[in-house]
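Numbering (our numbering), first residue to last: 17 to 361.
Single-structure report; data block below.
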């Protein structure tokens, strides 16, 4: 039922509106009680007689006896964490074998803020002690960027100097990036669930979609660096100095592109984002071949395979930069500016 009410001015600048008496009586409201106003996506207001409840504690339970594939169980545990579960329970009436317990514990160890609070022969209970308010998504993205820049720099040095010890540092940092990736995705899901409780404007959800694409692209970049590091370990002392120098320069160039990509993303610089997209298309597009980077090295089959794989990893990294640049441009279109005028009918 619709009601029409005239706005009344009270005081210098306060507007009030009376509530329909029929509605007030049906809700059992009296003077002094608190009602909640929620702004809807279409600009209307919704009046609620009860405060929006905080998200409830979420516990997800898995019966390990029903999973023949341990890897599937591990992925479901990760999925439960990403979806924001505060408690994860794994049990088996037949008992959890030592091997299965090791698989479960290794999976839980990958998840930031998760601790095993109970472990017996038949069940494992883990809880998340992460406070979502302490980890803003933008701060997590910036932290991943810093670590990604660090391992790219390490990769360039490992290629140039041949120091194998640097490669192990890259693997260690990449594992930390994976952990931050899990935490960032979890934060995105929790943020969306929290905002959906009050049904705010859809802009927040569109932002969440973009953030999800960006964090996935960053995680895939880290994977590319690690794979390139593994290939670098196969370069021996006979690798020509000019090959190492050329490859190192390529990695440094990609590192610069990453810096520009994230600068464009955080500042909504569409000119810089467009530059990244054009560079990706022009210099790392589908037409690129091994001979565009190395020519005479094709005669050494072993070296050529290693170089090709490293180059392919760098190409994948740049193409993920392109994805982030596209998110930047799409986000800019939704932001009021002198370049974009939006009307909604």
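For every residue, glycine included, the Cβ atom is placed at its ideal position computed from N, Cα and C.
Using a Cβ-Cβ cutoff of less than 7 angstroms, which residues in the same chain neighbour residue i once the five nearest sequence positions on both sides are dropped?
i	result
residue 123	90, 93 and 94
residue 110	81
residue 16	Residue coverage of the chain in this structure runs from 17 to 361, which leaves residue 16 outside it and unanswerable.
residue 162	none
residue 119	86 and 90
residue 255	319
residue 185	170
Residue i by DSSP, collapsed to three states: which one?
i	result
residue 296	helix
residue 106	strand
residue 417	This structure cannot speak to residue 417, because the chain is shown only from 17 to 361.
residue 52	strand
residue 101	coil
residue 348	helix
residue 84	coil
residue 199	helix
residue 38	helix
residue 221	helix
residue 143	strand
residue 233	helix
residue 12	Outside the modelled stretch of the chain, which goes from 17 to 361, sits residue 12, for which no answer is possible.
residue 79	strand
residue 22	coil
residue 334	helix
residue 136	coil
residue 359	coil
residue 210	helix
residue 321	helix
residue 30	strand
How many whole angstroms separate the CB atoms of residue i and residue j, which I take to be in contact at a CB cut-off of 8 angstroms?
i	j	result
residue 126	residue 198	7 angstroms
residue 209	residue 100	6 angstroms
residue 270	residue 330	5 angstroms
residue 150	residue 108	Wrong, their Cβ atoms sit about 35 angstroms apart, outside the cutoff.
residue 224	residue 204	5 angstroms
residue 267	residue 112	Rounded, the Cβ-Cβ distance is 44 angstroms, inconsistent with contact.
residue 104	residue 97	7 angstroms
residue 117	residue 141	Incorrect: roughly 13 angstroms between the Cβ atoms, too far for contact.
residue 276	residue 288	6 angstroms
residue 296	residue 335	6 angstroms
As a quick exercise: from the options, pick the residue whose alpha carbon is nearest that of residue i.
i	options	result
residue 173	337, 297 and 260	260
residue 34	24, 28, 81 and 358	24
residue 180	18, 296 and 249	249
residue 316	107, 293, 252 and 166	252
residue 195	335, 220 and 160	160
residue 143	152, 136 and 132	132
residue 50	39, 38, 116 and 63	63
residue 323	54, 61, 243 and 115	243
residue 178	48, 288, 258 and 26	258
residue 154	201, 291 and 337	201
residue 280	337, 300, 232 and 297	337
residue 21	302, 32 and 27	32
residue 167	28, 302, 115 and 188	188
residue 9	350, 300 and 294	The shown model of the chain, from 17 to 361, leaves out residue 9, and the question about it has no answer.
residue 302	289, 328 and 282	328
residue 73	136, 354 and 145	145
Excluding five sequence neighbours on each side, which residues of the same chain lie with their C-beta closer than 8 angstroms to the C-beta of residue i?
i	result
residue 164	193, 234, 237, 238, 241 and 274
residue 321	none
residue 26	32
residue 19	36 and 39
Beta-carbon within less than 6 angstroms of residue i's beta-carbon, same chain only, minus the 5 sequence neighbours each way: which residues are those?
i	result
residue 263	175
residue 87	none
residue 230	340 and 343
residue 286	345 and 348
residue 45	none
residue 65	43 and 51
Does the CB of residue i have a neighbour CB from chain D at under 8 angstroms?
i	result
residue 80	This model lacks chain D altogether, as it is built from one protein chain only.
> What are the uninterrupted segments assigned as alpha helix (DSSP H) that are 4 or more residues long and contained completely in the region 245-303, given in chain order?
Replying inline: 257-283 and 286-299
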